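Each remark here refers to the structure printed beneath this line.
Right, dumping it as structure tokens:
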């Protein structure tokens, strides 16, 4: 029994020492040296410094409209958008409007991402996506996506450029608009449009858009 008590005491002392060391380590780990950093450097950890994110859960921001970036970050920061699992809400919570404007201008000024060359561009679904984007579907009451998106003469300059975006990201956003999980469109145009899209329509649109070159944020064609 004395040996057991002794071993248990040593074990408790070891646990206490590890806990204390971990607390110190976490305290130091929580301190990020920001001297010399640009306000967009933190965003680049997910979206990449060139604005072309490697993972589809993070949208490509290169060449995106600055007004759209500003609105989305503000919506995350102020609780109007939360369909990302909370990651952007946490990241956006500390950015002020001045740094946000600089960050949006930085990403908007980058060369647009290339389209996804791995996607089939002549299949039936792709053609369906092209038609929905360019013309809509009058029989189903679906307006042309191009009336707001990826058009130099867009009626809504705050609407995002969608071409050359990750197909999986686009599909998720359309699904979230349709389900009501995403609700930060004050005009309610996106929920109304998405409600009329089938699963096939969403996949077709995402595939078509991801396969297309993106205009520059000022409406100029990509060289």
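Numbering (the working numbering), first residue to last: 2 to 224.
Just so you know, even glycine gets a beta-carbon here, dropped at the ideal spot from N, CA and C.
All values reported here derive from a predicted model rather than from experimental measurement.
Check, Outcome
"Through-space distance from residue 213 to residue 91, alpha-carbon basis", "32 angstroms"
"Residue 66 classed as buried or exposed, judged by whether at least 16 other C-beta atoms fall within 10 angstroms", "buried"
"Where the alpha helix (DSSP H) through residue 192 begins and ends", "190-195"
"Contact set for residue 146: own chain, Cβ-Cβ below 6 angstroms, skip 5 residues either direction", "134"
"Coarse secondary structure for residue 70, derived from DSSP in three states", "helix"
"8 angstroms contact criterion, which residue 100 and residue 40 should meet: CB distance rounded", "4 angstroms"
"Residues near residue 142 in its chain [Cβ-Cβ closer than 8 angstroms; skip 5 each side]", "197"
"Three-way DSSP call (helix, strand, coil) for residue 138 in this model", "strand"
"Reduced DSSP category for residue 203 - H, G, I as helix; E, B as strand; rest coil", "helix"
"Beta-carbon proximity check, residue 210 vs residue 156, cutoff 9 angstroms", "no"
"Neighbour-count burial assignment, residue 1, 16 or more Cβ in a 10 Å radius", "Outside the modelled stretch of the chain, which goes from 2 to 224, sits residue 1, for which no answer is possible."
"Nearest-angstrom Cβ-Cβ length linking residue 185 and residue 98, presumed shorter than 8 angstroms", "Actually they are not in contact, since the Cβ atoms of residue 185 and residue 98 sit about 18 angstroms apart, beyond 8 angstroms."
"Nearest-angstrom Cα separation, counted from residue 173 out to residue 70", "18 angstroms"
"Whole alpha helix (DSSP H) elements within the segment 74-132, 4-residue minimum", "88-93 and 98-109"
"Alpha-carbon spacing of residue 208 relative to residue 150, whole angstroms", "16 angstroms"
"Burial state of residue 30 (16 or more Cβ within 10 Å)", "Because the pLDDT at residue 30 is just 44, under 50, the model does not fix this residue reliably, and the value given afterwards should be weighed accordingly. Exposed is the call here."
"CB-CB length for residue 120 against residue 63, believed under 8 angstroms", "Going by Cβ atoms, the distance from residue 120 to residue 63 rounds to 19 angstroms, so no, they are not a contact pair."
"According to DSSP, residues forming a beta bridge with residue 143", "138"
"Reduced DSSP category for residue 37 - H, G, I as helix; E, B as strand; rest coil", "coil"
"Backbone secondary structure at residue 13 - three-state DSSP", "Residue confidence for residue 13 is low, a pLDDT of 43 falling below 50, so the modelled location carries little weight; the figure read from the coordinates is stated next. Reduced to three states, the DSSP call for residue 13 is helix."
"Contact check, residue 160 vs residue 58, beta carbons under 9 angstroms", "no"
"Beta-carbon gap between residue 96 and residue 81 smaller than 9 angstroms", "no"
"Spatially closest choice to residue 89 from 74, 102 and 136, by CA coordinates", "74"
"Residue 195 beta carbon less than 9 angstroms from that of residue 171", "no"
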